[in-house]
Amino acid sequence: EKLTVLLDWFVNPDHATLIIAEEKGIFKKHGLDVEMIAPADPNDPPKLVAAGKADLAISYQPQLHLQVAEGLPLKRIATLIATPLNSLVVLKDGPIESLADLKGKKIGYSIGGFETAILKAMLAPHNISLDDITLINVNFSLSPSLLSGQVDAVIGAFRNFELNQMDIEGYPGRAFYPEEEGVPAYDELILVANSGKLDDPRFKSFVEALEEATQYLVNHPEDSWKLFIKNHKELDDELNRRAFASTLPRFALRPAALDAARYHRFAAFMQAQGLIKTILPVHDYAIVLQ
Amino acid sequence: MKLLRILITVGGLILIWESLTALLDLPKFMLPSPLVVAEALYSHAGLIAENALTTLIEILVGLFLGLVFGMVSAVLISAYRPVKQWVFPLLIASQAIPVFAIAPLLVLWLGYGLAPKIVMSLLIIYFPVTVGFLDGLNRTHPAWLNLAALLQQSGRRRRLRNTLNLYRYIKIPFALPSLASGIRVAAAIAPIGAIVGEWVGASSGLGYLMLHANARVQTDLMFASLLVLTVMALLLYYLIDHGLRLALPWLADQTDLHSQQRSL
Amino acid sequence: MKLLRILITVGGLILIWESLTALLDLPKFMLPSPLVVAEALYSHAGLIAENALTTLIEILVGLFLGLVFGMVSAVLISAYRPVKQWVFPLLIASQAIPVFAIAPLLVLWLGYGLAPKIVMSLLIIYFPVTVGFLDGLNRTHPAWLNLAALLQQSGRRRRLRNTLNLYRYIKIPFALPSLASGIRVAAAIAPIGAIVGEWVGASSGLGYLMLHANARVQTDLMFASLLVLTVMALLLYYLIDHGLRLALPWLADQTDLHSQQRSL
Amino acid sequence: MEPEDSANSELSEPIPDTSRDQGAPAVGLNLKLKELVFDGDTILTDLDLTLSPGKITCLLGPSGVGKSSILKILASFLPPPESSFLVTTDGDPLKGRISYMDQQDLLLPWATVLDNLLIGDRLRGDTPDTARAMALLDQVGLTKWRDARPDALSGGMRQRVALARSLMEEAPVVLMDEPFSALDAITKYHLQALAARMLAGRTVLLITHDPMEALRLGHVIHVLSGHPARLSLPLTPAGAIPRDPSDDALQRLYSEIMTRLAGEPVDA
Amino acid sequence: MEPEDSANSELSEPIPDTSRDQGAPAVGLNLKLKELVFDGDTILTDLDLTLSPGKITCLLGPSGVGKSSILKILASFLPPPESSFLVTTDGDPLKGRISYMDQQDLLLPWATVLDNLLIGDRLRGDTPDTARAMALLDQVGLTKWRDARPDALSGGMRQRVALARSLMEEAPVVLMDEPFSALDAITKYHLQALAARMLAGRTVLLITHDPMEALRLGHVIHVLSGHPARLSLPLTPAGAIPRDPSDDALQRLYSEIMTRLAGEPVDA
Ligand SMILES: Nc1ncnc2c1ncn2[C@@H]1O[C@H](COP(=O)(O)OP(=O)(O)OP(=O)(O)O)[C@@H](O)[C@H]1O
Ligand SMILES: Nc1ncnc2c1ncn2[C@@H]1O[C@H](COP(=O)(O)OP(=O)(O)OP(=O)(O)O)[C@@H](O)[C@H]1O
Ligand SMILES: [Mg+2]
Ligand SMILES: [Mg+2]
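Residue numbers (our numbering), protein chains in the order written: chain H, 1 to 290; chain G, 1001 to 1264; chain L, 2001 to 2264; chain Y, 3001 to 3268; chain R, 4001 to 4268.
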């Protein structure tokens, strides 16, 4: 039986471990037949899992807090990328040198539901409130909107991806990292499953396969790159090569492991920002598969 | 009477919707019950109203421009053979390129204000209006055209003036019913342009609000916005439909007579 | 001849496009030059073809279903007053709710795969077909309806059979030109449905490809996909237009005669 | 002989008559209208029109006097005005027993001439009686045009098709609105004879502007004139129809009709 | 007096004549058609039709013989067949000097009766001559209907509007296709007189099916008959028009016309 895994977005170096597990036959070794589907909207996959239309989905930790607060039956079962990737990016040669310069500026974002919270936290120390800036949903045209000068900064840009992209286009960017600007650290990419189906034995095998793939990736970055582009020729370009390298240090080496305190801390942050009403016990939405 | 009927329809729908959510025990994120939506509508009234205004303006301006451009294009295309031969394929192509496939680019070119949404409504509305009107203009029966040409020949030879008069007094009146048909379609699809525009880049509007609600799994707010959008679109449609009926009395007459006769 | 004209148009456009990018020195992410696009088209040919196939199937199935449902609805709405009174507002509402505002929900209900995209094309295509045809059906001149009613009265009284025959032999033939107009609009906007569907939830198709290319700032790939989509849509439109002309010879005749006469 | 001319030839073989109600007694009718008002303008008052069973009643009158309106009320194309009565001699409703030919030809523009004749059968779901249609086409001289669309016909040819279509129907009551108005004298003469033969035994109301036509075909002739219009006493020329119009007795009636048309109505 | 009847009254005040080319010499014309073919079927051969300047030429012929087609060729509504010649007596082209009345009325359905009359002026961008239009409406007895839409008119009333519209134009050449066919005898009589008066000095081709009409109005009468059709030698009744149809000399010509119509064409 096929295990359907919804990616968070199109295939990119963030998914390297999954691709390698597939190409290297690690999934097969664990008795898994995995089908990976890239969605068009990153907000869909968890909902589809909650609705029972897919087995696993890649999502973001902040989203998970929002979703369980809204009653979606989801649980995190593994971590893909254990640090935030999200960052606030401006043009390196532009007028913004510090976050304090953002007052009265336009900030583009791709709606994920929690950008305002992160921005609020990042800007508060500089005495800037959300009313002092203009937020513009630019959907997924993050770097183009910045490059074309339609916005002064973007939030939601991935430091491993958008930064490289801008550099290649000849407009290098400057990133401000949320975890350095007052936002608690969190897991950028996690795997969620429907909380009613946690006894599916394939999930555990899947997480094990993931760990194996991560080890291979860390040990053999060159070969991993070749495996990565083997069946995704369209990814074989400068951008992905550089993004691949930038992403390498960020993969969770122990995908199954859960730092409950970290989750709790972030939930508290979300509550303080008014995004969720109550702080649920961590084990209601994140577990380590036994 | 008509209002009553609409109210009953709406009531029935809500009932079906309610019982659907109740019977299937659907979770809120799949389909919130009408009550929950009503609640969201009430508690977020200000927010929704504010965003609805943005969208309304986008729709109205887009509709207006779409109608004007559509009608002018149809007349030009029908009046000048070269225009038709060279421009018409472009027109189709402009449709074939789904506006919102280039929407992200439009936003890059035009910024994140009203402009790209209006351009998108315009692009979407433009086509049905043009095709409808053009069809009507081309269908004018030749006998009338012949007669008109004859009548004009005895005047001084002023090509442009004659063409204008031909359109004003013969072709356009003949094509009005087809134009009306096109305008009806346009009115119904006008909201699409605005919403797509908001989707690819905006800082307010119902589409923007829906995206937010969707991302935060606030399905109730999303449905509330959707409801407001639908009501807005329905009102727009019926207003325009009504206006068209008033503007084309000789067609209305026909239908009235007809229904009178059938009722025998 | 016609082909030549189209080629010239296309050639001209490409030239303008090229000089635009060259003159304004636009960066690739704002507008790639045609050459770059051609290159992308060539190097990603396989990928594009694969995704184009998905989209084509979605469009064709959506168009087919949209036409069938649209035509059936129009006939039902025009034939049964109650249907019109109760259902028509719903129909407008279904349009007013921009399909892709509910697209995320459609994906939730129907999952990934062809189904939601086809539903979306269908929703988009359905309306112009229905409105066009309905308009035509309602515009049948009462004199003919009266005559038909009289002719039928002398037969045995079989209501359904009579209604069917009335539609088959009188109302539908009269409404065909309007239906054709609706079908033309539908053919032109059919790709929108498929693309929107792909945009909201898909794992293949040209819309999906474009979205991803856009996000990756592979503007060249995006334009290449767009080009393929446009060509596909144009072909579809012209095929359908041609088919309609063949199917309605008495209208074609009129136009021919007309142009003959005008050429005097 | 050219097809165009066959209408001009005396008929040898009659139209096969496949009438369902052959031999059924003809139905007469009486229409009483207190007044007919359009847009606040009274067109007719106190009309009392009787169609005798099996007879041809001709109705003449100035343009716009209300003749076609009466026909349309009989055919229920117009709602009967208030306090109007329509009774048939056999008491059954008129509905379903009428054949009608409009003042406009009402040909279906997309259908061929033959299909236009067969539309009645088709609409009723009966087997199209192609044989009868072809025979009628022959009678009206349009055999050659069976596959032409109405667009390609001259005005008179269209009228002949419409005439043939109304003759396709075998209804006991036939309403005809100026059926020969677009025809030349010779064709008209022959088609009048055809109509007289085919309408024998049926109850017919025939509107015409040609007094000679009324005298040739009418068992009863009414003139409607004045404003509001009133119906004249019936004129009943003697002799079997079709009559010879050069008859002297008819000449006298002709003047009589003209006098009445000119506006001195003789009250009914 | 009721408005309906005003067409029936002898005219006292003439239509104000604002003709631009008043006094300009009338233009005659000659049309030669080798043959006229529709869909491979030869309708006419060797037609040689002359319209004498300032005269009314009447054309009769069986239904479908090609009368309207000739008219349409003159009006350039139909492309002139190959090897056809059209010459005018003054050598200038005919274009722009024609007024035309179709066999169908071709009224604009959305326009009022008055607007239908003014359409020529409007199309040319001239000031609409409302006074003339109202005077003409009075002549055809439709003053009361000036604001009615064609829908609300009877067949004969529509034809009168179309007639009035063609009389609105002051073109030196007038082409009329059965202009009185839907009118009763009395109205027709009066409108023929109106037409005779208003068309005096203009070159007219009038198609009709009524030999009496041709005898009343025609300076020259042609009959077109046969298949393919050929034009008869012209008949030229004596006396000023409109003639009195009860004249005995006309009765003889009447039989002559009927004979030719019946299909024994006298070659031109
Ligand atoms: N568009 C057309 N296509 C084919 N045939 C045509 C067309 N128009 C006219 N005809 C044919 O040409 C012939 C002459 O037509 P026309 O209208 O000139 O007749 P007419 O003499 O005016 O007859 P009527 O007295 O009935 O009006 C007819 O046989 C008709 O079928
Ligand atoms: N739909 C309508 N609305 C308003 N008035 C109408 C309508 N139909 C007919 N009339 C009026 O009714 C009167 C009678 O019309 P009708 O068609 O019965 O005349 P008719 O006697 O048949 O004339 P004709 O000999 O010209 O055909 C006319 O004055 C006409 O204007
Ligand atoms: Mg009448
Ligand atoms: Mg004719």
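For glycine and all other residues, C-beta sits at the position ideal for the given N, C-alpha and C.
Of the residues the options, the one placed nearest residue i, counting alpha carbons only
i	options	result
H:Glu181	H:Lys29, H:Ala21 and H:Ala117	H:Ala117
G:Lys1171	G:Trp1199, G:Leu1137 and G:Gly1201	G:Leu1137
R:Ser4232	R:Lys4034, R:Leu4031 and R:Leu4049	R:Leu4049
G:Asn1146	R:Ile4257, R:Leu4206 and R:Leu4074	R:Leu4074
G:Leu1063	G:Ile1077, G:Leu1024 and G:Ile1183	G:Ile1183
H:Phe269	H:Gly25, H:Glu23, H:Met122 and H:His15	H:Met122
G:Asp1220	G:Leu1041, G:Leu1067, G:Ile1006 and G:Ala1079	G:Leu1041
G:Val1129	L:Leu2235, L:Ala2188, L:Val2087 and L:Leu2053	L:Ala2188
R:Pro4228	R:Ala4171, R:Gly4040 and R:Arg4202	R:Gly4040
G:Ser1094	L:Asp2241, L:Ala2233, L:Leu2123 and L:Leu2244	L:Ala2233
L:Ser2078	L:Val2131, L:Leu2229, L:Ala2180 and L:Gln2152	L:Val2131
L:Pro2034	L:Leu2015, L:Ala2049 and L:Arg2156	L:Leu2015
L:Pro2027	H:Ala243, H:Glu169 and H:Phe10	H:Glu169
H:Gly112	G:Ala1213, G:Leu1239, G:Leu1229 and G:Ile1118	G:Ala1213
Y:Thr3045	Y:Leu3205, Y:Ala3162, Y:Ser3084 and Y:Lys3188	Y:Ser3084
Residue range of the unbroken alpha helix (DSSP H) whose run includes residue i
i	result
G:His1242	Thr1219 to Ala1247
G:Val1075	Ala1045 to Ala1079
R:Tyr4254	Asp4248 to Leu4261
H:Lys120	Glu115 to Leu123
Y:Asn3116	Val3113 to Arg3124
H:Ala50	Asp44 to Ala50
R:His4190	Ala4185 to Met4198
H:His220	Here H:His220 belongs to no alpha helix (DSSP H), and DSSP marks it neither H nor E.
L:Asp2135	Leu2114 to Arg2139
H:Lys29	Ile26 to Lys29
G:Leu1145	Pro1142 to Gln1153
Y:Lys3067	Lys3067 to Leu3074
Cross-strand partners of residue i (DSSP beta bridge)
i	result
H:Phe158	H:Asn86
Y:Asp3048	Y:Lys3032
Y:Ser3084	Y:Leu3033
Y:His3222	Y:Leu3059
H:Asp167	In the DSSP output, where bridge partners are listed per residue, H:Asp167 has none listed.
Extent of the continuous beta strand (DSSP E) to which residue i belongs
i	result
H:Ile58	Leu56 to Tyr60
R:Arg4202	That residue, R:Arg4202, is in no beta strand (DSSP E); it is neither H nor E in DSSP.
H:Asn194	Leu189 to Asn194
Next item on the list: Decide yes or no for the touch test of the segment 48 to 55 of chain H against the segment 99 to 106 of chain H: beta carbon pairs closer than 8 Å, at least 3 of them.
Entry: no
Margin query: Just to confirm the assignment: which complete beta strand (DSSP E) runs, minimum length 3, are found wholly within the segment 4133 to 4177 of chain R?
Written below: 4173 to 4177
Next item on the list: Assess, as a yes-or-no matter, whether the segment 79 to 94 of chain H is touched by the segment 172 to 187 of chain H under the definition of 3 or more beta carbon pairs within less than 8 Å.
Entry: yes
Checklist line | Residue list, Cβ distance to ligand 5 heavy atoms smaller than 7 Å | finding: In the structure on display, ligand 5 does not appear, and the ligands it does have are ligand 1, ligand 2, ligand 3 and ligand 4.
Margin query: Using a Cβ distance threshold of 8 Å, determine whether the segment 3040 to 3058 of chain Y contacts the segment 4163 to 4180 of chain R, with at least three qualifying pairs required.
Written below: no
Notebook entry, point to check: Considering only residues of the segment 1166 to 1220 of chain G, which uninterrupted alpha helix (DSSP H) runs meet the minimum length of 4 residues and lie entirely inside it, listed in chain order?
Noted result: Entirely contained in the segment 1166 to 1220 of chain G, the alpha helix (DSSP H) runs reaching 4 residues are, in chain order, 1172 to 1200 and 1206 to 1215.
Check: Using 8 Å as the threshold, is the segment 200 to 214 of chain H in touch with the segment 279 to 286 of chain H, meaning 3 or more CB pairs across them?
Finding: no
Note to self: Closer than 8 Å is the cut-off here; do at least three beta carbon pairs connect the segment 3147 to 3160 of chain Y with the segment 3113 to 3126 of chain Y?
What the structure shows: yes
Item checked: Touch test, the segment 3026 to 3041 of chain Y against the segment 3209 to 3217 of chain Y, Cβ-Cβ under 8 Å, three pairs minimum -> no
Checklist line | beta strand (DSSP E) runs wholly inside the segment 223 to 283 of chain H, at least 3 long, in chain order | finding: Segments of the beta strand (DSSP E) lying fully in the segment 223 to 283 of chain H: there are none.
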